[in-house]
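These notes are about the structure you will find just below.
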Amino acid sequence: MAFPSHRPRRLRSTPALRRLVAQTSLEPRHLVLPMFVADGISESRPISSMPGVVQHTRDSLRRAAADAVAAGVGGLMLFGVPRDEDKDASGSIGVSEDGILNVALRDLAKDLGEDTVLMADTCLDEFTDHGHCGVLDATGRVDNDATNARYVELAVAQADSGAHVVGPSGMMDGQVAAIRAGLDAAGHTDTVILAYAAKFASGFYGPFREAVASSLRGDRRTYQQDPGNAREALHEVQLDIDEGADIVMVKPAMAYLDLVRAAADISPVPVAAYQVSGEYAMISAAAANGWIDLQTVALETLTGIRRAGADIVLTYWAADVAGWLA
Ligand code: PBG
18 MAFPSHRPRR LRSTPALRRL VAQTSLEPRH LVLPMFVADG ISESRPISSM PGVVQHTRDS
78 LRRAAADAVA AGVGGLMLFG VPRDEDKDAS GSIGVSEDGI LNVALRDLAK DLGEDTVLMA
138 DTCLDEFTDH GHCGVLDATG RVDNDATNAR YVELAVAQAD SGAHVVGPSG MMDGQVAAIR
198 AGLDAAGHTD TVILAYAAKF ASGFYGPFRE AVASSLRGDR RTYQQDPGNA REALHEVQLD
258 IDEGADIVMV KPAMAYLDLV RAAADISPVP VAAYQVSGEY AMISAAAANG WIDLQTVALE
318 TLTGIRRAGA DIVLTYWAAD VAGWLA
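Heads up, the sequence shown is in our numbering, so the first residue is 18 and it goes up one at a time.
Next up, the structure:
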């Protein structure tokens with residue numbers, strides 16, 4: 018008998034064979050593009066820590082969104098950046114129909130209709146003057162239940178504005194149940210909840226804070242999870258499923274692939290993972306130095322996140338990937 022008897026290299030010998038046996042697929046439809054839209058700017062503004070990503074004006078957002086959808090991305094996740102003077106302690110501008118996020122949702126809903134899946138970040142941090150994801154109690158702590166009441170108003174405003182999907186990302190206990198009940202009561206029974214179920218207090222959100230001009234001082238450790246806690250992450254995923262989440266998400270992605278896998282193993286609903294700003298920045302910076310090849314590494318990381326079990330991946334490269342794979 019010839020030695021070795023098992024020759025896995027045989028299946029790697031031509032591009033056609035490799036294509037035939039490729040186990041994990043990465044397609045534009047799997048990818049969601051997060052986008053930032055800012056109030057009070059007349060030109061789109063680069064985000065220095067995220068080369069290639071910008072704060073959009075209403076108009077530039079409409080063009081970029083149409084391009085991304087034409088390229089085939091699976092959906093768009095919108096973040097609003099209000100003017101500093103419009104921020105207050107309870108994030109009122111997020112709920113207001115004149116708030117930039119709700120205005121932009123209406124623009125895109127009108128432009129794109131059902132050609133894409135329009136998602137909105139359902140959180141207060143972009144809108145509060147203290148930068149926390151919730152409202153504060155008298156002692157300065159984030160008040161869980163008062164925050165949930167605000168999230169309901171936010172979610173309803175976003176659904177009213179045309180969001181197909183709301184994405185509660187504040188990690189309050191009971192936020193999914195509260196939002197589901199609030200949406201249903203407002204007649205939005207078909208609005209999907211993409212729950213940031215296991216979201217960690219991560220250094221990888223650093224560039225995002227620049228992207229949304231965050232007012233935060235301090236950290237989010239009283240509501241976001243401790244990076245070492247796997248069991249708790251699965252508990253959070255299970256709670257969100259029980260509360261009615263339609264999709265559950267793990268975030269960040271690359272440092273938490275074990276939890277993407279674990280969530281995929283137990284979840285009866287689709288699982289998403291968010292390749293966050295710091296993951297994008299880190300790879301972009303290394304590539305800008307000529308140390309790694311951007312496209313190769315971006316595709317490799319996204320394939321890895323899919324292989325770990327993510328059905329959907331949020332990534333700032335979503336539109337680029339659609340172009341690369343075309
Ligand atoms: C909260 C929110 C954050 C991100 C998405 N939603 C910031 C945070 O939790 O501090 C981070 C996304 C990224 O880093 O790309 N609204």
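Note that beta-carbon positions come from the ideal geometry of N, C-alpha and C, so glycine has one too.
task: Confirm the yes/no value for this check: CB of residue 144, any heavy atom of the ligand PBG, distance under 6 Å.
output: Here residue 144 refers to the residue found at position 127 when the sequence shown is read from its first residue. For residue 144, the CB stays at least 6 Å from every heavy atom of the ligand PBG.
- request: Can you grab the Cα-Cα spacing for the pair residue 20 / residue 35, in whole Å?
  value: Locating residue 20 in the sequence shown gives position 3, where the first residue counts as 1. Locating residue 35 in the sequence shown gives position 18, where the first residue counts as 1. Each residue's Cα considered, the two are about 23 Å apart.
field: Where the alpha helix (DSSP H) through residue 168 begins and ends
entry: Numbered from its first residue, the sequence shown carries residue 168 at position 151. Judged by DSSP secondary structure, residue 168 falls within the alpha helix (DSSP H) whose first and last residues are 161 to 178.
message: I'd like the list of long-range same chain contacts for residue 150, defined as Cβ closer than 6 Å, with 5 residues on each side in sequence excluded.
response: Here residue 150 corresponds to residue number 133 of the sequence shown, with the count starting at 1. Same-chain partners within the cutoff: 140, 141, 142 and 187.
- prompt: Just how far apart, CA to CA, sit residue 297 and residue 88?
  reply: Translated into the one-based positions of the sequence shown, residue 297 becomes position 280. Translated into the one-based positions of the sequence shown, residue 88 becomes position 71. Taking the straight line joining both Cα atoms gives about 20 Å.
task: Compute every distance between the C-beta of residue 168 and the non-hydrogen atoms of the ligand PBG, then say whether any falls below 6 Å.
output: The count along the sequence shown starts at 1 and reaches residue 168 at position 151. Answer for residue 168: no, Cβ out of range of the ligand PBG.
field: Per DSSP, cross-strand counterpart(s) of residue 212
entry: Within the sequence shown, residue 212 is the residue found at index 195, counting from 1. DSSP lists 265 as partners of residue 212.
query: If you drop the 5 nearest sequence neighbours on each side, which residues of the same chain put their C-beta closer than 7 Å to that of residue 61?
result: Sequence index remark: in the sequence shown, residue 61 carries index 44 (1-based). Answer for residue 61: 71, 72, 73, 74 and 77, listed in chain order.
message: Tell me which residues share the same chain as residue 161 and place their Cβ nearer than 7 Å to its Cβ, disregarding the 5 neighbours each side in the sequence.
response: Translated into positions along the sequence shown, residue 161 becomes position 144. Here the set comprises 189 and 190.
- request: Any chance you could list the alpha helix (DSSP H) runs of at least 4 consecutive residues sitting entirely within the stretch 222 to 261, in chain order?
  value: Fully contained in the stretch 222 to 261 are the following alpha helix (DSSP H) runs of length 4 or more, in chain order: 223 to 228 and 247 to 260.
query: Near residue 148, which residues of its chain fall below 6 Å by C-beta distance, leaving aside the five closest residues on each side in sequence?
result: Here residue 148 refers to the residue found at position 131 of the sequence shown. Cβ within range, chain order: 142, 231, 232 and 233.
- prompt: From residue 163 to residue 192, what does the alpha carbon distance come to, in whole angstroms?
  reply: Position 146 of the sequence shown, counted from the start, is the residue given in the question as residue 163. Position 175 of the sequence shown, counted from the start, is the residue given in the question as residue 192. Cα to Cα, residue 163 sits roughly 11 Å from residue 192.
task: Would you list, in sequence order, the uninterrupted beta strand (DSSP E) runs of no fewer than 3 residues that lie entirely inside the stretch 182 to 211?
output: Taking only runs of at least 3 residues, the beta strand (DSSP E) segments lying wholly in the stretch 182 to 211 are 182 to 185.
Sequence-distant residues of its chain with Cβ nearer than 8 Å to residue 208 (five each side left out): Numbered from 1 along the sequence shown, position 191 holds the residue referred to as residue 208. Around residue 208, the same chain offers 172, 176, 180, 181, 182, 183 and 200 as residues with beta carbons nearer than 8 Å, after the five sequence neighbours per side are excluded.
query: For residue 287, which of helix, strand or coil comes out of DSSP?
result: Walking along the sequence shown from the start, residue 287 turns up at place 270. Coil at residue 287, not helix or strand.
message: For residue 194 and residue 125, which I take to be in contact (beta-carbon distance under 8 Å), what is that distance rounded to the nearest angstrom?
response: Here residue 194 is taken as the residue at index 177 of the sequence shown, counted from 1. Here residue 125 is taken as the residue at index 108 of the sequence shown, counted from 1. Distance from residue 194 to residue 125 at the Cβ level is roughly 28 Å; contact not present, criterion being Cβ atoms closer than 8 Å.
From 65, 210, 56 and 33, residue whose alpha carbon lies closest to that of residue 305: Counting from one through the sequence shown, the residue named residue 305 turns up at place 288. It is 65.
query: How many Å lie between residue 204 and residue 198 at the Cα?
result: Numbered from 1 along the sequence shown, position 187 holds the residue referred to as residue 204. Numbered from 1 along the sequence shown, position 181 holds the residue referred to as residue 198. Cα to Cα, residue 204 sits roughly 10 Å from residue 198.
- request: Use the C-beta contact count for residue 127: other C-beta atoms within 10 angstroms, 16 or more gives buried, fewer gives exposed.
  value: Position 110 of the sequence shown, counted from the first residue, corresponds to residue 127. Looking at its Cβ environment, which holds fewer than 16 other Cβ atoms inside 10 Å, residue 127 is exposed.
- prompt: Is residue 145 near residue 324, with beta carbons less than 7 Å apart?
  reply: Stepping through the sequence shown from its first residue, residue 145 is reached at position 128. Stepping through the sequence shown from its first residue, residue 324 is reached at position 307. No.
field: Check: residue 222 C-beta below 6 Å from any heavy atom of the ligand PBG
entry: Residue 222 sits at position 205 when you count from the first residue of the sequence shown. Correct: residue 222 has its Cβ closer than 6 Å to the ligand PBG.
Closer than 6 Å: residue 225 CB and nearest the ligand PBG heavy atom: Locating residue 225 in the sequence shown gives position 208, where the first residue counts as 1. Short note on residue 225: C-beta closer than 6 Å to some heavy atom of the ligand PBG.
query: Does DSSP classify residue 313 as helix, strand or coil?
result: The residue you call residue 313 lines up with position 296 of the sequence shown. Helix.
message: Does the distance between the C-beta of residue 301 and the nearest non-hydrogen atom of the ligand PBG fall short of 6 Å?
response: By 1-based counting over the sequence shown, the position of residue 301 is 284. Because no heavy atom of the ligand PBG lies under 6 Å away, the Cβ of residue 301 does not count as near it: no.
message: Quick check on residue 28: buried or exposed, where buried means 16 or more other Cβ atoms within 10 Å of its Cβ?
response: Here residue 28 refers to the residue found at position 11 when the sequence shown is read from its first residue. With fewer than 16 other Cβ atoms from the protein chains shown falling within 10 Å of its own Cβ, residue 28 counts as exposed.
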